[in-house]
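Trainee:
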Amino acid sequence: MTIHKSQGGTYDAIVYEYDRKHPRELVYVALSRVTKIEGLFMVTKENTEDSWKFWIGRSGIPLNASESDKHLKRSTSHREDLTLELKRLKNNTLQTVTQTFLEFISNKKGLSIYFHSIAKVYMHM
126 MTIHKSQGGT YDAIVYEYDR KHPRELVYVA LSRVTKIEGL FMVTKENTED
176 SWKFWIGRSG IPLNASESDK HLKRSTSHRE DLTLELKRLK NNTLQTVTQT
226 FLEFISNKKG LSIYFHSIAK VYMHM
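Its first residue numbered 126, the sequence shown is counted upward by one per residue in the working numbering.
#1: What residues are listed by DSSP as bridge partners for L165?
#2: Tell me which residues share the same chain as E142 and place their Cβ nearer than 6 Å to its Cβ, disregarding the 5 neighbours each side in the sequence.
#3: Relative to the alpha-carbon of I139, which residue among L227, L165, S242 and K215 has its alpha-carbon at the smallest distance?
#4: Report buried or exposed for E192, applying the criterion of at least 16 other Cβ atoms within 10 angstroms of its Cβ.
#5: Would you report the Cα separation of E150 and R204, rounded to the nearest angstrom?
#6: Checking 9 Å against the spacing of the C-beta atoms, do T173 and Y136 come in under that value?
#7: Assuming Q132 and V152 are in contact, meaning their beta carbons sit under 8 Å apart, how far apart are those beta carbons, in whole angstroms?
Now the structure itself:
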């Protein structure tokens, strides 16, 4: 389901593929659809350290202004609310499964056991 189709609904769990090109309004809609923080799963295409940074509203990236003066006041109010929410999200980072796993395998204090499915590995050789 797309973010646009999810607008207005709430869900127990969602998977959001973050992209720094997404407008801030789209990010807000995507992240506000889930009813519990435990049901929010975020992924990125690259899965690099840089891809986990929120770029929305950072200097150097222009924010799109409203196209219509009619909606300018409402849009400004929503943007202010969204700015506060994005600051809150930045200060209260979400521990993802990927981050937890990377921290686990980086920890050299004990025994680490890894399981990896190699079924049909010959197809990739």
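Every residue, glycine too, gets a C-beta built ideally from N, C-alpha and C.
Mentor: Well, looking at it:
#1: If you number the sequence shown from 1, residue 165 lands on position 40. Answer is I139, bridged to L165.
#2: Position 17 of the sequence shown, counted from the start, is the residue given in the question as residue 142. Answer for E142: V168, listed in chain order.
#3: In the sequence shown, residue 139 corresponds to position 14, counting from 1. With distances taken between Cα atoms, I139 lies closest to L165.
#4: For this step, residue 192 is matched to residue 67 along the sequence shown. Because E192 sits at a pLDDT of 43, beneath the cut-off of 50, its placement in the model cannot be relied upon, and the point is left open.
#5: As a working note, residue 150 is residue 25 in the sequence shown. As a working note, residue 204 is residue 79 in the sequence shown. The alpha-carbon atoms of E150 and R204 are separated by roughly 8 Å.
#6: On the sequence shown, position 48 is the one that residue 173 refers to. On the sequence shown, position 11 is the one that residue 136 refers to. Taking 9 Å as the Cβ cut-off, T173 and Y136 do not qualify as a contacting pair.
#7: The residue labelled residue 132 in the question sits at position 7 within the sequence shown. The residue labelled residue 152 in the question sits at position 27 within the sequence shown. Between V152 and Q132 the Cβ distance is about 13 Å, and since that is not below 8 Å, they are no contact.
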